[in-house]
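Asks: Sequential numbering of the sequence shown, starting at -16, is according to my numbering.
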Amino acid sequence: MVAACENRERRAKEAQMATIGDVARAAGVSRSTVSYVLSGKRVISAETKERIEAAIELLGFTPNAGARALATSRTNVLGLYLQFQEDEFAPAMLQYILPVSTTSRAEGYDLLMVTDPDLAGAIRRTTSSHMVDGVVLLDVTYHDARLEPLRQAQQPAVLIGYAQDSAGFDSFDLDFGEAARMAVDHLAERGHREIVLLTPPDHVATRGGSYVWRFRDAAIERAARHGIRLSAHPGASRHPEIAESLDRALDALPGATALIVHNDATVAALPRLLDERGIRVPQDLSVVGVFSQGFGQAFSLPYTAVESLPDRLGELAVAQLVRRIADPSSAGAPVVRLIEPGFFDRGSTRAV
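(1) Taking the Cβ atom as the reference point for each residue, do T332 and H222 lie within a distance shorter than 8 Å?
(2) Can you tell me whether DSSP reads P217 as helix, strand or coil?
(3) Taking DSSP as the reference, what is the three-state secondary structure of V17?
(4) Going along the chain, which residues of its own chain have a beta-carbon closer than 6 Å to the beta-carbon of D247, five neighbours each way excluded?
(5) Would you kindly work out how many angstroms separate the C-alpha atoms of G144 and T124, rounded to a whole number?
(6) May I have the straight-line CA-CA distance separating L233 from R108, to the nearest angstrom?
(7) Ignoring anything shorter than 3 residues, give me the beta strand (DSSP E) runs that lie fully in the stretch 154 to 195, in order along the chain.
(8) How many angstroms separate the CA atom of V335 from the CA atom of L299?
(9) Between E90 and the rest of its own chain, which residues show a CB-CB distance below 6 Å, the 5 nearest in sequence each way excluded?
(10) Are the Cβ atoms of V273 and L242 separated by less than 8 Å?
(11) Judging by CA-CA distance, which residue of V244, S18, R57, F282 is the nearest neighbour of Q137?
(12) Between L296 and Y79, is the Cβ-Cβ spacing less than 8 Å?
(13) Give every residue of the same chain whose Cβ lies closer than 6 Å to the Cβ of A38, excluding the five residues on either side of it in the sequence, and list them in chain order.
(14) Between S220 and D122, is the Cβ-Cβ spacing less than 8 Å?
(15) What's the C-alpha gap between G49 and A226?
(16) Drop a sphere of 10 angstroms on the beta-carbon of V26, count the other beta-carbons inside from all chains shown, and report buried for 16 or more, exposed for fewer.
(17) Which residue wins for smallest C-alpha separation from F155, given the options D116, I322, D328?
(18) If I follow the unbroken beta strand (DSSP E) through L142, where does it start and stop?
(19) Within a Cβ cutoff of 6 Å, which residues of the same chain sit near A316, ignoring the five residues on either side of it in sequence?
(20) DSSP three-state call for Y125: helix, strand or coil?
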């Protein structure tokens, strides 16, 4: 029993002390070959890779992130900077975090998520100390104070969202103007002449969420082209205000035959809210939402929707950032892309 314990302790100490040189000797390869397998920077034959992986497993070797950073001047860590607002609908933000995380992992990077209320200070602290190789900035606002410290950083950055002055940064966002036009056109084709639009809360626009007015203004302009009366109202992000804002919007235009919901918290609660009002979809009211497939599945939403594509945005943003890190010169000029939305007809609209 004592001998078994001693053996376990010895193996544990060996695992803690194992180095990349030990792995190389056990696998019968050079240290650089082991390094290439760990970093994925070169293609190594399957047989050699299997020997190295077997040696790593046998020795219990774990690459030391600090040593790797000193050797390569990289940490293999990306920083994701965001701030959870008390007045926002958290599931809406989370659907953007997951694709950034999974794509980073697929690209060989760990993710450091920073939610410090002083994000500008956090950016300065983590970039100046070289804790991260690159920065993903989420929930970008129109006049975003975080862009200035990013411009001072040596690391490349990518924005998910739209800022007035994103010069020097790669930037990806949904084309919210096109999303609004798709929703209005869909209802116009079905003969709707009076439409209610429920937007995100006023405070989102006040703090610079440009997607609010980009969608709203495009919807109003498109409706005018079709000769449609469109009544836009701010929604809410908390109960009971969500129900109250929906009531106000529908009561303001009692002849409306269709509702467009560009508000995550409201659309998540919409099946229950409409049922409480005795409103049948689409018999009494046609509904078009703006949400992702994953969001719709999570809340069992039966509504036709303009797809907001958070997975696509996260994948594109991280892939471009990794290209910048690997070879800044080959990545070209900064990319600013507005991604065309998808559209899923789930039968929640009808002809009138």
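Glycine is no exception: its CB is placed at the ideal position from the N, C-alpha and C atoms.
The model shown is predicted, which means the values in this text are computed figures rather than measured ones.
Replies: Checking against the coordinates, here is how it stands:
(1) By one-based count along the sequence shown, residue 332 stands at place 349. By one-based count along the sequence shown, residue 222 stands at place 239. Contact: no.
(2) One-based indexing of the sequence shown puts residue 217 at position 234. Looking at P217 - three-state DSSP - the assignment turns out to be strand.
(3) Looking up residue 17 in the sequence shown gives position 34. The answer is helix: DSSP assigns V17 an H, G or I state.
(4) The residue labelled residue 247 in the question sits at position 264 within the sequence shown. Excluding residues within five positions, the ones whose Cβ falls inside 6 Å are F72, A75.
(5) Position 161 of the sequence shown holds residue 144. Position 141 of the sequence shown holds residue 124. Rounded to the nearest angstrom, the two C-alpha atoms are 7 Å apart.
(6) In the sequence shown, counting from the first residue as 1, residue 233 sits at position 250. In the sequence shown, counting from the first residue as 1, residue 108 sits at position 125. The straight-line gap from Cα to Cα measures roughly 48 Å.
(7) 177 to 182
(8) Indexing the sequence shown from 1 puts residue 335 at position 352. Indexing the sequence shown from 1 puts residue 299 at position 316. Cα-Cα distance, rounded: 40 Å.
(9) To locate residue 90, count along the sequence shown from 1; it is residue 107. The residues are V305.
(10) Residue mapping note: residue 273 aligns to position 290 of the sequence shown, counting from 1. Residue mapping note: residue 242 aligns to position 259 of the sequence shown, counting from 1. No, these two residues do not count as a Cβ contact at 8 Å.
(11) Within the sequence shown, the letter at position 154 stands for residue 137. The residue with the shortest Cα to Cα distance from Q137 is R57.
(12) Within the sequence shown, numbered from 1, the residue matching residue 296 stands at position 313. Within the sequence shown, numbered from 1, the residue matching residue 79 stands at position 96. The answer is yes: Cβ separation under 8 Å.
(13) For the purposes of this step, residue 38 is taken as residue 55 along the sequence shown, with counting starting at 1. Around A38: V6, A9, A10.
(14) Counting from 1 along the sequence shown, the entry for residue 220 is found at position 237. Counting from 1 along the sequence shown, the entry for residue 122 is found at position 139. Cβ distance not < 8 Å, so S220 and D122 don't count as in contact.
(15) Indexing the sequence shown from 1 puts residue 49 at position 66. Indexing the sequence shown from 1 puts residue 226 at position 243. Residue placement at G49 is flagged as unreliable, the pLDDT there being 45, under the threshold of 50; a coordinate-derived value is accordingly withheld.
(16) If you number the sequence shown from 1, residue 26 lands on position 43. It is exposed - the Cβ of V26 has fewer than 16 other Cβ atoms within 10 Å.
(17) Your numbering for residue 155 matches position 172 in the sequence shown. Minimum Cα distance to F155 is reached at I322.
(18) Locating residue 142 in the sequence shown gives position 159, counting from the first residue. Taken as a continuous stretch (DSSP letters only), the beta strand (DSSP E) holding L142 covers 140 to 144.
(19) Taking the sequence shown and counting its residues from 1, the one referred to as residue 316 is at position 333. Hits under 6 Å: none found.
(20) Taking the first residue of the sequence shown as 1, we reach residue 125 at position 142. In this structure, Y125 counts as coil in the three-state DSSP scheme.
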